[in-house]
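Using my numbering, the first residue of the sequence shown is number 629, and each one after it goes up by one.
Just so it is clear, CB atoms sit at the ideal spot from N, CA and C, and this is done for glycine as well.
Keep in mind it's a predicted model, so treat the numbers as computed, not measured.
Below: one structure, written as structure tokens.
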Amino acid sequence: MTNEKSRYSESAKGALPPIKNKYDFIIVGAGSAGCVIARRLADTAGVSVLLLEAGGSDAGIESIAEPMQWVHNIGAPHDYFYAYEPTAFINNRVIPVPRGKVLGGSGSINAITWTRGNQADYDGWAAAGNTDWDYNSVLPFFKKIEDWEGGATDFHGAGGPIAIENARNLHFVPAALIEAGRTYGMPVLEDTNGPAPEGVGKMVLNVRDGKRSSPTEYLKPVMDHDNLTILTHAKVLKLKFHDTHCQGLDFELNGEMHTVFADKEVILSAGAIDTPRILMLSGIGDSEELKKLGIKSVINLPGVGKNLQDHPLVAGLCFEANIPLGIRNNNLAGSTALWKSKPELQVPDLMYLPLQVPYLTHEIAQQYDVPENVFCLVPGLVRPKSKGYLKMKTARHDGPLEIQPNFISEPEDLQALVAGVEIGMDLISQPAFKNITKRWIAPKNVIGKKAIEGFIRDALTSYFHPVGTCKMGVGSDAVVDSQLKVHGITGLRVADASVMPTITSANTNAATMMIGEVVSQAIINGL
């Protein structure tokens, strides 16, 4: 994918573009936020930008382009394929955590679900001291991203880089969820991306002409700009400092070491796992923990790697269909339900996916007789209370990590998921699902709360939405301020899912791209 006119090449295969000693801005990670920032800065006259990506190109990879093929990205060469540490809460199981190692990052390998969450998510960020992150402030940036199939509205944008649309031609399984939700008592939503979605409706997907509309849509128009250099297969090793000013960084490319400097800023957009790793490797983190690893501390920020949050889900409630499931479509789901585990809650904390395929953990699959013609209803918890952490086990840049989300360590989370399973079983008992169900597979249709808890401990896995490990805020556990500048450090920002103080009550890709738009505007305003 070498373009002689541009400063981008598939660096491991083609001739390298010239690598200068100094750029105005260096962006680490061409993921959901990094692509946005690179585009906005490259569109700014008089600014030079270096974008470094550890993975390769997304071009020509069918599992990235085709919405139904997203599951084949898990464990592929363009997946870091991290794993969460086992705990007794989930019967000491290891849960995989796919993360994109490719242009577009995890936005290139996810399930193309475009959901923002609830207005309360962002108002909560602002209430915690993060100025200008309330819903009304971030809504224009969400709209700026979008090219909504229905044109510009109060809640959607048109003409943006990312094409979004409601799921089309629903398979009968997701169609059954919408009807079952209606008869259960859920409102049917025209738009699951409204300010306060509660009910059931079609998924919004980031798709254009049947193909994934990924974060790389931001890069395509500026690939040939002289002021943007994109290097793939570039592994960032550590940041360079003069006192507490970030001067630049060291990276490895094709076996060679390079040092580059930033005249203005380095922006870390390597994601909720690798951004804190790079900070810790560079001496930013809990100074006592770094000392144990032999890393010299630049500044003591004990919040680096803490506050890890993710959405747990139950994989899954599975049922044998009484008719052939036939040709699957969309992203193997197509609709969703957002509901409360308890009526007194202010915001829905449960999200359901109707999957047109079997989706079970290994442990559940071993316990039940699972035929081929199976669909699933998957409940997930989108406002979890449990929080975890990330630690380096060695000081090597490619060394092992201890990644621990502490799923269901808070009893409230377990009880919410128990309610989620019970509500899911009620949904499956509605006529729309009964009409397509031959028999219940997992769990059985008569099961008590204790048995459901046991089922959850074996069935629990992740939505693959790690966030929060470089928390935005004003407290002692915060890593960045509301401008996403690292506390106590000049010349360095973090802009990715790691800055979320609390996880959004939805898939996190849209919010991560919004973060990229917000920080881009802040940077440009400061020039």
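Query                                                                                                                 : Result
Contact set for F1061: own chain, Cβ-Cβ below 7 Å, skip 5 residues either direction                                   : A804, A808, L1055
Whole runs of the beta strand (DSSP E) within the segment 976–1022, excluding any shorter than 3 residues             : 978–983, 1002–1009, 1016–1020
For G827, three-class secondary structure by DSSP                                                                     : strand
DSSP bridge partner residues for P940 (one or two, in chain order)                                                    : S1090
C663 in three-state terms, based on DSSP                                                                              : helix
Reference I1036, options I1084, F1003, E1050, closest by Cα                                                           : I1084
Endpoints, the beta strand (DSSP E) within which W967 is located                                                      : 963–967
In DSSP terms, what A949 is bridged to                                                                                : T1065
Proximity below 8 Å, CB of A658 to CB of E681                                                                         : yes
Cβ separation of P904 and S685, assumed to be a contact under 8 Å, to the nearest whole Å                             : Wrong, their Cβ atoms sit about 26 Å apart, outside the cutoff.
Contact check, K919 vs S910, beta carbons under 8 Å                                                                   : no
Selection from H873, G732, K1019, L881 that minimises the alpha carbon distance to I901                               : K1019
Cβ pair A943, V1006 closer than 8 Å                                                                                   : yes
Sequence-distant residues of its chain with Cβ nearer than 8 Å to W776 (five each side left out)                      : H784, G785, A786, I792, E793
For Q1111, the residue or residues it bridges with in DSSP                                                            : Bridge partners of Q1111: none, in fact.
Meets three-Cβ-pair contact criterion under 8 Å: the segment 758–767 and the segment 1102–1112                        : yes
E632 to G683 span [Cα, whole Å]                                                                                       : Summary for E632: the model assigns pLDDT 30, below 50, so the residue's position carries little reliability; its value from the coordinates is reported in the next sentence. When rounded, the distance between both Cα atoms is 21 Å.
Rounded straight-line distance, which links the Cα of G1048 to that of N1034                                          : 19 Å
Sub-8 Å separation of L945 and T860 beta-carbons                                                                      : no
Under 8 Å between C-beta atoms of M979 and T989                                                                       : no
Alpha carbon of T857 to alpha carbon of F879, nearest angstrom                                                        : 15 Å
Between the CA atoms of A1139 and P1129 - distance to the nearest angstrom                                            : 12 Å
Exposed unless 16 or more other CB atoms sit within 10 angstroms - verdict on L1155                                   : exposed
With 16 other Cβ atoms within 10 Å as the buried cut-off, status of R1067                                             : exposed
Neighbourhood of K839 by C-beta distance below 8 Å, restricted to the same chain and skipping five residues each side : A693, E694, P695
Inter-residue spacing [alpha-carbon to alpha-carbon] between M629 and A687                                            : For M629, the predicted model reports a pLDDT of 35, less than 50, meaning its position is unreliable and no value from the coordinates is stated.
The segment 665–672 in contact with the segment 840–850 per 3-pair CB rule at 8 Å                                     : yes
Spatial distance of N764 from H870 (CA atoms)                                                                         : 39 Å
Segments assigned beta strand (DSSP E), at least 3 residues, entirely inside the segment 803–859                      : 827–830, 856–859
Closest residue to I927 among Y708, C874, R744 (Cα-Cα distance)                                                       : C874
Close Cβ partners of M1141 (< 6 Å) along its chain, the five nearest in sequence each way excluded                    : S660, V664, I773
Within 8 Å, strictly: CB atoms of I740 and V835                                                                       : yes
Span separating the alpha-carbon of G745 from that of P646                                                            : 42 Å
Backbone CA spacing between F717 and Q1043 [nearest angstrom]                                                         : 13 Å
Close-in-space but distant-in-sequence residues of the same chain around A1150 (CB under 7 Å, 5 per side omitted)     : Q1111
Selected residue, minimal CA-CA separation from V888, among P1039, L877, V656                                         : L877
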